[in-house]
Amino acid sequence: MNQLSEEERKKILESSPVGTWTLLLMVGGGMVIAWLLMYYGMFLPRGHIS
Amino acid sequence: MDNAVEKKLALSHFWVAFGAFALAAVMGLYQVIERSGFFGFLESREVYYASVSTHGVLMGFVLTTFFIMGFGYYVATSSLKLPVWNKTFAWTGFAVALLGVVLAALPLLGGAASVLYTFYPPMQGHPLLYIGATLLVVGSWFWCVSMIVMYMQWKKANPDQPVPLAMFATTANAILWLWTSAGVAIEVLFQLIPLALGWIDTIDPGLSRTLFAWTLHPIVYFWLIPTYTAFYCLVPKQAGGFLFSDEMARAAFIILVVFSLPIGFHHLYMDPGISHGWKILHAIGTFVVTLPTFITGFTVIASLEIAGRLNGGKGLFGWIASLPWSNPMVLAIILALLMLIFGGFGGLVNASYAMNAMVHNTAWVPGHFHLIFGGTTVIMYFGIAYYFWPVLSGKPLFSNAMAIKQLWTWFIGMSIMTTPWHILGLLGQPRRIDSVNYNNNLLTLSWEPYEAVMIFGGAILTYSAGLLIYNLYKTQISNESYQGEIEYAEPIHAVNDLPNYLNSFKIWNIVIAVFMLIAFGYPILQHFLMETFGSSRWGV
Numbered sequence: 114m115n116q117l118s119e120e121e122r123k124k125i126l127e128s129s130p131v132g133t134w135t136l137l138l139m140v141g142g143g144m145v146i147a148w149l150l151m152y153y154g155m156f157l158p159r160g161h162i163s
Numbered sequence: 030m031d032n033a034v035e036k037k038l039a040l041s042h043f044w045v046a047f048g049a050f051a052l053a054a055v056m057g058l059y060q061v062i063e064r065s066g067f068f069g070f071l072e073s074r075e076v077y078y079a080s081v082s083t084h085g086v087l088m089g090f091v092l093t094t095f096f097i098m099g100f101g102y103y104v105a106t107s108s109l110k111l112p113v114w115n116k117t118f119a120w121t122g123f124a125v126a127l128l129g130v131v132l133a134a135l136p137l138l139g140g141a142a143s144v145l146y147t148f149y150p151p152m153q154g155h156p157l158l159y160i161g162a163t164l165l166v167v168g169s170w171f172w173c174v175s176m177i178v179m180y181m182q183w184k185k186a187n188p189d190q191p192v193p194l195a196m197f198a199t200t201a202n203a204i205l206w207l208w209t210s211a212g213v214a215i216e217v218l219f220q221l222i223p224l225a226l227g228w229i230d231t232i233d234p235g236l237s238r239t240l241f242a243w244t245l246h247p248i249v250y251f252w253l254i255p256t257y258t259a260f261y262c263l264v265p266k267q268a269g270g271f272l273f274s275d276e277m278a279r280a281a282f283i284i285l286v287v288f289s290l291p292i293g294f295h296h297l298y299m300d301p302g303i304s305h306g307w308k309i310l311h312a313i314g315t316f317v318v319t320l321p322t323f324i325t326g327f328t329v330i331a332s333l334e335i336a337g338r339l340n341g342g343k344g345l346f347g348w349i350a351s352l353p354w355s356n357p358m359v360l361a362i363i364l365a366l367l368m369l370i371f372g373g374f375g376g377l378v379n380a381s382y383a384m385n386a387m388v389h390n391t392a393w394v395p396g397h398f399h400l401i402f403g404g405t406t407v408i409m410y411f412g413i414a415y416y417f418w419p420v421l422s423g424k425p426l427f428s429n430a431m432a433i434k435q436l437w438t439w440f441i442g443m444s445i446m447t448t449p450w451h452i453l454g455l456l457g458q459p460r461r462i463d464s465v466n467y468n469n470n471l472l473t474l475s476w477e478p479y480e481a482v483m484i485f486g487g488a489i490l491t492y493s494a495g496l497l498i499y500n501l502y503k504t505q506i507s508n509e510s511y512q513g514e515i516e517y518a519e520p521i522h523a524v525n526d527l528p529n530y531l532n533s534f535k536i537w538n539i540v541i542a543v544f545m546l547i548a549f550g551y552p553i554l555q556h557f558l559m560e561t562f563g564s565s566r567w568g569v
């Protein structure tokens, strides 16, 4: 823990948060897919209010 | 700086908040059991609605308002390194708000104000409910004034310097609350109190609902901003890292304040008094307000990633395991974000103009609300409490292990309770009902397994609430001493110079005023331009 050289530390602070980008893409993509599934798989098949 | 009075002020607010929470948690368990119909001797329509109304007021108004005020006072004094402005004024606000709670509690607990926490005219409760609620809001306005004055004091003493982010967020919340509470204040002062006191005979529910919609959505962000403040300003330090971007945080708070206000009609999609055009305008605004949530998600997860990597984490996701999961604040944010993903998805469904019809007034809605409020927002209140209590009381936390257990049980309990709640909504179960049996027909019998699971989730949540209160109480009465202060996270790149629009609210207040005029001006005015017919009071 925390036994990083100054160079490694600097590299971490300056690097792009690739893990965060990946996580958010997965979450965002999952939300879009889930929304589409609900819309086309559940909402539209229920049809008009009768 | 000697801030003993500030500590006492904040702690007093916190105890009222969590005292209300404890009572409301027990009521929640009763409600989930009563409505299931599994225990006939518990069934009582009167007690159920009195309990639901009190539970909503305690959780939605008392826990939140007092917690936010206490948190704000201590954030102000510790981030600005200034004493709280006019302590007598601050204590007066506390006393006024507390008096309001006591007055409102009397009819609520007595079953004379079972109109739910959203009031719902033409249902009418005892006048003390509305007078008490008004005093609670007026008390909170004292806090708003204090926060704005302290913000201005600091800016005057430090011209052209960026206001510390935690105080910028707290001031944003005070401004948001002043704008937000105006809608319900107008409704209560000019409609509900006169009706309850018999000064008027009828009420225009369409106007009431429009005014309440003014308040109903941004109040959620009033509750949420302390959680986001902790996300940005406290968690990165606790996790062992830095804030990814100070500027992005400020932008998120500004967008939240500006766009959470003119969007309340997504609560009125099914109301006939508002035309489609206005509803669509508000629907678009509702999707805009998801932007600061995504900005927040990115910025705080990036901050956590940096912390995890500084702690030795490697690989695409290895940093997650390297986070200090035994730190209550860090665990709270991880669990809060998990619940935000699912609660946020539910919110997207609610906000979708067409699909909303599928879940409108069903059990889906309280399921969503509990997940996003009771889950994401309140679990972070717990994380803050565990961090602030030792600082405020001068006593070490009684048990860190108990705190971790409490956070996990809250997350598990909330997940177990709200998942079947959402499903029941999709199966067509209405919300706000004291019994789900309907003479045991086949449809409602199919709900029973879900009801049983909900009771199990509710029991876990009540146990978790007990752990929280016990831990805080044991901390408070400890004989040991603790010396520590709140530590705020530093951004990776220090902010020395900011454009005025990221360091001031002047321009944003003008923008809000214009947006509110556009979004609510005519929809309110129409009630005075066309002939409307008032409704007689229902209920008491």
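Those sequence lines, one after another, are chains W and F. To convert, count from 1 in the first sequence and add 113; that's my numbering. To convert, count from 1 in the second sequence and add 29; that's my numbering. In this text, a Cβ means the ideal position worked out from N, Cα and C, and glycines have one as well.
Query - Nearest residue (CA-CA) to residue 153(F), options 243(F), 332(F), 204(F), 223(F) - result: Residue 153(F) has its Cα closest to that of 223(F), out of 243(F), 332(F), 204(F), 223(F).
Requested in this report: Flag residue 132(W) as yes if its beta-carbon sits less than 8 Å from any beta-carbon of chain F, otherwise no.
Outcome: Chain F contact via Cβ: present.
Query raised in the report: Using a beta-carbon distance below 8 Å, is residue 125(W) in contact with chain F?
Result: Closer than 8 Å to some Cβ of chain F, the Cβ of residue 125(W) qualifies, so yes.
**Report entry** Proximal chain W residues relative to residue 271(F), where beta-carbon distance stays under 9 Å
**Finding:** Identification of chain W residues near residue 271(F) by a Cβ-Cβ cut-off of 9 Å yields 126, ordered along the chain.
Query raised in the report: So is residue 405(F) buried or exposed if we call it buried at 16+ other beta carbons inside 10 Å?
Result: By the neighbour-count definition (other C-beta atoms within 10 Å, threshold 16), residue 405(F) is a buried residue.
Requested in this report: Compile a chain-ordered list of the residues in the region 507–538 of chain F whose CB is closer than 8 Å to at least one CB of chain W.
Outcome: In summary, the residues of the region 507–538 of chain F whose CB is separated from some CB of chain W by less than 8 Å are 521, in the order they occur in the chain.
Query raised in the report: Whose C-alpha, out of 262(F), 374(F), 314(F), is nearest the C-alpha of residue 329(F)?
Result: That would be 262(F), whose Cα lies nearest to the Cα of residue 329(F).
Query raised in the report: If you run the structure through DSSP and keep just helix, strand and coil, what is residue 139(W)?
Result: Of the three classes helix, strand and coil, the one that applies to residue 139(W) here is helix, per DSSP.
Query - Amino acids of chain W, ordered along the chain, whose beta-carbon sits closer than 7 Å to that of residue 334(F) - result: Neighbours of residue 334(F) on chain W, chain order: 130, 132, 133.
Query raised in the report: Does residue 152(W) get closer than 8 Å to chain F when you measure Cβ to Cβ?
Result: For residue 152(W), the answer is yes, since a Cβ of chain F falls inside 8 Å of its Cβ.
**Report entry** Positions along the region 325–353 of chain F whose CB lies within less than 7 Å of some CB in chain W
**Finding:** Residues 326, 327, 330, 331, 334, 335, 338, 339, 340, 341, 345, 346, 348.
Query raised in the report: Cβ of residue 264(F) less than 8 Å from any chain W Cβ?
Result: By the rule that beta-carbons nearer than 8 Å mark a contact, residue 264(F) does not touch chain W.
Query raised in the report: Can we say the region 251–271 of chain F touches the region 405–416 of chain F, given the rule of at least three CB pairs closer than 8 Å?
Result: The region 251–271 of chain F, when compared against the region 405–416 of chain F, does touch it at the 8 Å Cβ threshold.
Report task. Pick helix, strand or coil for residue 486(F), following the three-state DSSP scheme. Result -> Helix, per DSSP.
Requested in this report: Can you grab the Cα-Cα spacing for the pair residue 556(F) / residue 212(F), in whole Å?
Outcome: When the Cα atoms are used, residue 556(F) and residue 212(F) turn out to be separated by approximately 15 Å.
Query raised in the report: Sorted by chain position, which residues of the same chain lie with C-beta nearer than 7 Å to residue 483(F)'s C-beta, five sequence neighbours on each side aside?
Result: Contacts found: 61, 446, 449, 450.
Query raised in the report: What whole-angstrom Cβ distance do residue 209(F) and residue 247(F) have, given they're in contact under 8 Å?
Result: Indeed, because the Cβ distance is near 4 Å, the residues count as touching under 8 Å.
Query raised in the report: In chain F, what lies closer than 9 Å to residue 144(W) by C-beta?
Result: In chain order, 370, 373, 374, 377 make up the part of chain F whose C-beta sits under 9 Å from the C-beta of residue 144(W).
Query raised in the report: Quick one: what does DSSP say residue 101(F) is sitting in, helix, strand or coil?
Result: In this structure, residue 101(F) counts as helix in the three-state DSSP scheme.
Requested in this report: Classify residue 480(F) as buried or exposed, calling it buried when 16 or more other Cβ atoms lie within 10 Å of its own Cβ.
Outcome: Buried.
Report task. Use the C-beta contact count for residue 343(F): other C-beta atoms within 10 angstroms, 16 or more gives buried, fewer gives exposed. Result -> Exposed is the call here.
Query raised in the report: For a contact meaning CB atoms closer than 9 Å, what does residue 387(F) contact in chain W?
Result: Within chain W, the residues placing a beta-carbon under 9 Å from that of residue 387(F) are 151, 155, 156, 159, ordered along the chain.
Query raised in the report: Going along chain F, which residues have a C-beta under 9 Å from residue 138(W)?
Result: Under the 9 Å cutoff, chain F gives no residues; its nearest Cβ is about 11 Å from residue 138(W).
Requested in this report: Starting from residue 384(F), find everything on chain C with Cβ-Cβ shorter than 8 Å and list it in chain order.
Outcome: The structure shown contains no chain C; its protein chains are W and F.
Query raised in the report: Is it true that the CB of residue 322(F) sits closer than 8 Å to the CB of residue 260(F)?
Result: Result no, Cβ atoms of residue 260(F) and residue 322(F) do not sit closer than 8 Å.
Query raised in the report: Hey, residue 565(F) and residue 147(F): beta-carbon distance below 8 Å or not?
Result: Contact flag unset, no.
Report task. Using three-state DSSP, classify residue 228(F) as helix, strand or coil. Result -> Assignment of residue 228(F) by DSSP, reduced to helix, strand and coil, places it in the coil class.
Query - Buried or exposed by the 16-neighbour rule on C-beta atoms within 10 Å, applied to residue 124(W) - result: Residue environment analysis places residue 124(W) among the exposed positions, since fewer than 16 neighbouring C-beta atoms fall within 10 angstroms of its C-beta.
Query raised in the report: Roughly how many angstroms lie between the CA atoms of residue 6(F) and residue 440(F), to the nearest whole one?
Result: Residue 6(F) lies beyond the range of chain F shown here (30 to 569); nothing can be said about it.
Query raised in the report: Near residue 177(F), what residues of its chain come up, given a Cβ to Cβ distance below 8 Å and the 5 sequence neighbours on each side ignored?
Result: Closer than 8 Å at Cβ, skipping near neighbours: 200, 203, 204.
**Report entry** Contained alpha helix (DSSP H) runs [length at least 4] in the region 308–379 of chain F, N- to C-terminal order
**Finding:** Uninterrupted alpha helix (DSSP H) stretches at least 4 residues long and entirely within the region 308–379 of chain F occur at 319–339, 347–350, given in chain order.
Requested in this report: Give the straight-line distance between the Cα atoms of residue 505(F) and residue 41(F), rounded to the nearest whole angstrom.
Outcome: Near 12 Å, if we compare the C-alpha coordinates of residue 41(F) and residue 505(F).
Query raised in the report: By a C-beta neighbour count over all protein chains shown, 10 Å radius and 16 as the cutoff for buried, is residue 117(F) buried or exposed?
Result: The Cβ neighbour count for residue 117(F), taken over all protein chains shown within 10 Å, is under 16; the residue is labelled exposed.
**Report entry** Nearest candidate by alpha-carbon position, reference residue 69(F), set 463(F), 508(F), 225(F), 534(F)
**Finding:** Among 463(F), 508(F), 225(F), 534(F), the Cα nearest to that of residue 69(F) is on 463(F).
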